[in-house]
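Asks: Residue numbering for the sequence shown follows my numbering, starting at 179 and increasing by one per position.
We treat Cβ as the ideally placed atom computed from N, Cα and C, and that holds for glycine.
Just so you know, these numbers come straight off a predicted model, no measurement behind them.
I have a structure I would like to understand better, so I am pasting it below and will then ask my questions one at a time.
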Amino acid sequence: MKNFLFAVAFMPLLAVCSQPPAASTATTPAATAACIDSTKIDPAGICTMQYDPVCGCNGKTYSNDCVASNAGVLTYTKGECPTTPKN
């Protein structure tokens with residue numbers, strides 16, 4: 179009986195773990211290195227809290243261009259980064 183209950187409890191975990199990973203918008207480390215200038219990273223930089231999203235060249239959405247610049251992002255486009263639908 180214990181084995182049966184264990185098997186029933188374990189099945190949902192197997193089902194979730196057996197699904198393929200979701201597609202990622204993350205870029206390769208080399209592409210990220212070309213996109214981020216570590217000398218321009220300013221964790222103490224002050225930005226407004228205005229939400230005017232930009233999509234960094236690293237595939238990450240930043241709340242505004244100031245936040246992206248303080249993160250060392252060299253290029254970005256207006257708007258949020260595209261997301262992949264989840265199943």
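(1) On the premise that T261 lies in contact with V232, defined as a C-beta separation below 8 Å, what is that separation, rounded to the nearest angstrom?
(2) Cα separation between S247 and S216?
(3) Do you know how far the Cα of L252 is from the Cα of M227?
(4) Which of helix, strand or coil does DSSP assign to T217?
(5) Assign A249 to buried or exposed, taking buried as 16 or more other Cβ atoms, counted over all protein chains shown, within 10 Å of its Cβ.
Replies: The structure says:
(1) For the purposes of this step, residue 232 is taken as the residue at position 54 of the sequence shown. For the purposes of this step, residue 261 is taken as the residue at position 83 of the sequence shown. The Cβ separation is near 15 Å, so there is no contact.
(2) Taking the first residue of the sequence shown as 1, we reach residue 247 at position 69. Taking the first residue of the sequence shown as 1, we reach residue 216 at position 38. Cα-Cα distance, rounded: 11 Å.
(3) Position 49 of the sequence shown, counting from 1, holds the residue named residue 227. Position 74 of the sequence shown, counting from 1, holds the residue named residue 252. Each residue's Cα considered, the two are about 21 Å apart.
(4) Counting from one through the sequence shown, the residue named residue 217 turns up at place 39. Three-state result, T217: helix.
(5) Translated into positions along the sequence shown, residue 249 becomes position 71. Buried is the call here.
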